[in-house]
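**Q**
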């Protein structure tokens, strides 16, 4: 079995979600890094944009938040100011405003606080794997990768387990809003602007709004003031509180972003073990658990890009990014840059240092949930290799139709147990 | 320029000449100082560049501002009086000879 290889012709249209249905078009990103590291793309469905594909350039621009603003939208699609205000979370703000909100939940997602979840995560993993591995063949995304972040989300939000399938279905409809398997309202094929003021331009946002309102009412009635949902409602250091709209958007963000990225990291890790069987032996024999999770997450790079908007002119590679231009930081490309990583198309679980960008490292918006994601990935694979002797593909896999979130929505595998 | 020393809990140390205006986090990453990571690039979003300023230098370095103070609560290692996020300390001739201690985690 060979390592997964990109199949694009090197000239994929980055504006088309269909360019990503066989995985990220890595031949295109490799060509861009080599020949056109800062490149302009015209777009028929909106304003054109710059793409930044080299690791070093992404780091340089990501930290320059005074020029590279998140407060005009963070996806390729354009938003009116009205839509921006209706749909934003602190992800779509710049420092210092960003910090006023982030600081309220930073401790709850900090490494030492998240570390306390390890036993709980392990119990969930044991439960999930006992069930999944009772079959010889199964879809590893559905049976394993989807399960763990979904059940942890319930612990983080304080929601009943029986609500989780519904919540995650709605979260998928939001973040996978370009894939017909996850939503009837496919973003680039919609003929209505009815949902433009809802998170991710999706009617699922309205359903999650109602759920969040009812959940908070139930918590209030029970006198329960614990958890991140209550923390985010506290005043920030300057006394500011977030609006009700922003609270509900934060809830949608947790349900959507807190789920799919870890799911697709786990799925990519399992697929890597199909293609590089030696990884299973490495995990069993070596003490590489301090580095393995980050390498799996680099390999997966589920959040493929985030967008910034230039607040001033900026020179790079002999070209001028003009004030007002959209700039896409392609983290998925930076994570395969051979200037930054030795043999980037191989999974090396002992890779250290591993300065990958899958969490948007190097800027103020670095993933709030990164310690939780790392812990979930590590514990899941610890428990998996304890049980599984070998794992191989049992049919064609399918990637999500999205140029924003990259991941295996189905991954049929066959396993043999220890 | 300032000569900066990072001391580890095991007694080992790394020394470097750091250019004026460079943060101690950036200098630590450039010199592969174990335990100083700087995930957010110095934007006060992660607390992975936490150090303890040597007590002989505390007066000269000064205190954390409001956001840094709040983020120090997020750091992995125990917070002490000498705790600072090293992305918020910038090298200058006045800091020549500064010693910081990397927390053990």
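Chains as they are written, first to last, in my numbering: chain A, 1 to 418; chain B, 1001 to 1105. Ideal Cβ positions, reconstructed from N, Cα and C, are used throughout, including at glycine.
(1) Going by DSSP, what residue range makes up the beta strand (DSSP E) through residue 271(A)?
(2) Please identify, using Cβ separations under 8 Å, the residues of the segment 110-125 of chain A that lie next to chain B, in order along the chain.
(3) Taking the continuous beta strand (DSSP E) assigned at residue 79(A), which residues delimit it?
(4) Closer than 8 Å is the cut-off here; do at least three beta carbon pairs connect the segment 377-397 of chain A with the segment 107-116 of chain A?
(5) For residue 56(A), count neighbouring Cβ atoms within 10 angstroms of its own Cβ and tell me buried if that reaches 16, exposed if not.
(6) For the segment 1044-1061 of chain B, which residues have a beta carbon sitting closer than 9 Å to at least one beta carbon of chain A?
(7) Quick check on the DSSP output: the beta strand (DSSP E) that includes residue 379(A) runs from which residue to which?
(8) What three-state label does DSSP hand residue 109(A) in the structure shown?
(9) Using three-state DSSP, classify residue 150(A) as helix, strand or coil.
(10) Taking Cβ positions only, does residue 361(A) come closer than 8 Å to chain B?
(11) Go ahead and pull the three-state DSSP assignment for residue 308(A).
(12) If you follow the beta strand (DSSP E) that residue 432(A) is in, where does it begin and where does it stop?
(13) Given a limit of 7 Å on CB to CB distance, which residues of the segment 1062-1086 of chain B reach chain A?
(14) Return the first residue and the last residue of the beta strand (DSSP E) that residue 319(A) is part of.
(15) Run through chain B and tell me which residues come within less than 8 Å of residue 237(A), C-beta to C-beta.
(16) What residue does the beta strand (DSSP E) around residue 1078(B) start on, and which one ends it?
(17) How many angstroms separate the CA atom of residue 365(A) from the CA atom of residue 217(A)?
(18) Would you identify the three-state DSSP class for residue 392(A), choosing helix, strand or coil?
(19) Does DSSP put residue 99(A) in a helix, in a strand, or in coil?
(20) Spatial neighbours of residue 105(A) within its chain, please: C-beta separation below 6 Å, excluding the five flanking residues on both sides.
(21) In angstroms, rounded to a whole number, what distance separates the CA positions of residue 103(A) and residue 1074(B)?
(22) Which residue's Cα is closest to the Cα of residue 138(A): 412(A), 417(A), 416(A), 418(A)?
(23) What residues in its chain sit with their C-beta under 7 Å from that of residue 51(A), if we drop five residues either side in the sequence?
(24) Can you check which of these residues, 82(A), 24(A), 69(A), is closest to residue 98(A) by C-alpha distance?
(25) With three or more beta-carbon pairs closer than 8 Å as the criterion, would you say the segment 251-258 of chain A touches the segment 184-194 of chain A?
(26) Indicate the three-state DSSP secondary structure (helix, strand or coil) for residue 288(A) in the structure shown.
(27) Across which residues does DSSP place residue 25(A) in a beta bridge pair?
(28) Under 8 Å between C-beta atoms, does residue 103(A) make it to chain B?
(29) Quick one: complete beta strand (DSSP E) runs, 3+ long, within the segment 14-71 of chain A?
(30) Taking the alpha-carbon of residue 351(A) as reference, which of 19(A), 118(A), 295(A) has the nearest alpha-carbon?
(31) Examine chain A for any beta-carbon lying closer than 8 Å to the beta-carbon of residue 1035(B), and answer yes or no.
(32) Give me the residue from 20(A), 37(A), 9(A), 19(A) with the minimum Cα distance to residue 319(A).
(33) For residue 405(A), collect the residues of the same chain with a Cβ closer than 8 Å to its Cβ; drop the 5 residues on either side in sequence, then sort them by chain order.
(34) Give me the chain A residues within the contact set of residue 1042(B), using Cβ-Cβ distance strictly less than 7 Å, ordered along the chain.
(35) Determine whether the Cβ of residue 1039(B) lies closer than 8 Å to any Cβ atom of chain A.
(36) What first and last residue would you give for the alpha helix (DSSP H) that runs through residue 210(A)?
**A** Straight from the coordinates:
(1) Element bounds for residue 271(A): not the beta strand (DSSP E) but the alpha helix (DSSP H), 244-275.
(2) Only 110, 111, 112 from the segment 110-125 of chain A bring a Cβ to less than 8 Å from some Cβ of chain B.
(3) Residue 79(A) -> no beta strand (DSSP E), and no H or E assigned at all.
(4) Verdict: no, contact absent.
(5) Label assigned to residue 56(A): exposed.
(6) Look at the segment 1044-1061 of chain B: the residues with a C-beta under 9 Å from a C-beta of chain A are 1044, 1045, 1046, 1047, 1048.
(7) Segment 370-387 is the alpha helix (DSSP H) holding residue 379(A); no beta strand (DSSP E) there.
(8) Residue state, collapsed to three classes: coil.
(9) DSSP, read as helix, strand or coil, puts residue 150(A) in helix.
(10) Output row for residue 361(A): interface = yes.
(11) Strand at residue 308(A).
(12) Outside the displayed range of chain A (1 to 418) lies residue 432(A), so it cannot be described from this structure.
(13) Per Cβ criterion, the list reads 1066, 1067, 1070, 1071, 1073, 1074, 1076.
(14) Its beta strand (DSSP E) spans residues 319-321.
(15) Listed by position along chain B, the residues whose Cβ is nearer than 8 Å to that of residue 237(A) are 1066, 1067, 1070.
(16) Where residue 1078(B) is concerned, there is no enclosing beta strand (DSSP E), given that its DSSP letter is neither H nor E.
(17) Going from the Cα of residue 365(A) to the Cα of residue 217(A) covers about 30 Å.
(18) The answer is strand: DSSP assigns residue 392(A) an E or B state.
(19) Helix, per DSSP.
(20) Here the set comprises 228, 231, 232.
(21) For residue 103(A) and residue 1074(B), the distance between alpha carbons rounds to 9 Å.
(22) Nearest of 412(A), 417(A), 416(A), 418(A) to residue 138(A), Cα basis: 412(A).
(23) Taken in chain order, the residues that qualify are 14, 32, 39, 41, 328, 330.
(24) Taking residue 98(A) as reference, the option from 82(A), 24(A), 69(A) with the minimal CA-CA separation is 69(A).
(25) No: the two stretches stay apart, fewer than three of their Cβ pairs being nearer than 8 Å.
(26) Residue 288(A) falls in the coil class under three-state DSSP.
(27) Under DSSP, residue 25(A) shares a beta bridge with no residue.
(28) Interface with chain B (8 Å Cβ-Cβ cutoff): residue 103(A) is included.
(29) Whole beta strand (DSSP E) segments, 3+ residues: 38-41, 49-52.
(30) Restricting attention to 19(A), 118(A), 295(A), the CA atom closest to the CA of residue 351(A) is found in 295(A).
(31) No - not a single Cβ of chain A is within 8 Å of the one on residue 1035(B).
(32) In terms of CA proximity to residue 319(A), 37(A) leads the group 20(A), 37(A), 9(A), 19(A).
(33) Excluding sequence neighbours, residue 405(A) sits near 175, 176, 260, 261, 264, 302, 303, 304.
(34) Ordered by position in chain A, the residues that pass the 7 Å Cβ test against residue 1042(B) are 63.
(35) For residue 1039(B), the answer is yes, since a Cβ of chain A falls inside 8 Å of its Cβ.
(36) First-last of the alpha helix (DSSP H) with residue 210(A): 204-221.
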